[in-house]
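Residue numbers (full-length UniProt numbering): 1 to 325.
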């Protein structure tokens, strides 16, 4: 079996000094030769490549060390030579079992995205020493215990984190003073709500499968800087949500997706600056609170797949742009 490339070898060789982006997806190869060794001998000489996407070809094995200018890399698996890419800023790896901690010591790495086959990826436990790194975004990480917290403490500039905590451990991330976006999934809090501490500085929060009762929504409502809230499947459980005074004072975007909520009781001053409301797969919800028609900032309501009841959501909110799907 050989790779198919769609540009001639003469074209690539004569112009490779000006080629800065190479996508090697399953259906978007560049034609070089039926001889795979000849093909890669040319690719090896592309020293000026800065962006490489080879995520859909796990048979591709490139000599990354000869790409000193590489800034962005998307790859299906982990290659040891990736750690030698000292100018790499964005790294996306698929199908990992563990994240080696040496990646966090790469001098210019800003954005690291990793994914397991089904779940978040945990850190490798080894003796590597940590140093203050430049990471700004990290996901999708399985947080196991307090040892993992050390890595976060070496990432003071982290502003985006996507994580899956273990069943019995959720770190207090308030020490991440720059964190603005947090995604948490697959963490059933059950009855121990004392461990629930969301960072006070975040602006965007996405939750799913954490199974909090609606009565505990105040844990989120008190966040002073929160502007975007997305609640997915089983983020909260129960039939009734009663919002409270002095909560969600800066919330601009609210999305409820695949929840069993039936009754939503709220006042317009509970969401004083809300601009957009999105409901998706909320077939049990009886109605949108009528008080929402008095929210002066509300610009749009989107309703997706909410059944027969959803068709009546626009009633009482006729002054707003309501879109039904």
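Cβ atoms here follow ideal geometry from the backbone N, Cα and C, with glycine treated the same way.
All values reported here derive from a predicted model rather than from experimental measurement.
{"Item": "Kindly indicate which three-state DSSP category residue 74 falls into: helix, strand or coil?", "Value": "strand"}
{"Item": "Using the Cβ count rule (16 or more neighbours within 10 Å means buried), how would you classify residue 297?", "Value": "exposed"}
{"Item": "Does the distance from the C-beta atom of residue 225 to that of residue 209 stay below 8 Å?", "Value": "no"}
{"Item": "At 4 residues or longer, and completely inside the region 233-314: list those alpha helix (DSSP H) runs for me, N to C.", "Value": "307-310"}
{"Item": "Along the chain, where does the beta strand (DSSP E) that runs through residue 81 open and close?", "Value": "Element bounds for residue 81: n/a, residue is neither H nor E."}
{"Item": "Note down, one range per segment and in chain order, each alpha helix (DSSP H) of at least 4 residues found wholly within the region 84-156.", "Value": "146-153"}
{"Item": "Hey, would you say residue 220 sits closer than 8 Å to residue 198, going by beta carbons?", "Value": "yes"}
{"Item": "Distance check for residue 200 and residue 287, CA to CA, integer angstroms please.", "Value": "31 Å"}
{"Item": "Closest by CA to residue 109, which one among 69, 147, 121?", "Value": "69"}
{"Item": "Buried or exposed for residue 195, please, with buried defined as at least 16 other CB atoms from any protein chain shown within 10 angstroms of its CB.", "Value": "exposed"}
{"Item": "In terms of residues, what are the limits of the beta strand (DSSP E) holding residue 184?", "Value": "181-185"}
{"Item": "Within a Cβ cutoff of 6 Å, which residues of the same chain sit near residue 149, ignoring the five residues on either side of it in sequence?", "Value": "171"}
{"Item": "Are there 16 or more other CB atoms within 10 angstroms of the CB of residue 153, so buried, or fewer, so exposed?", "Value": "exposed"}
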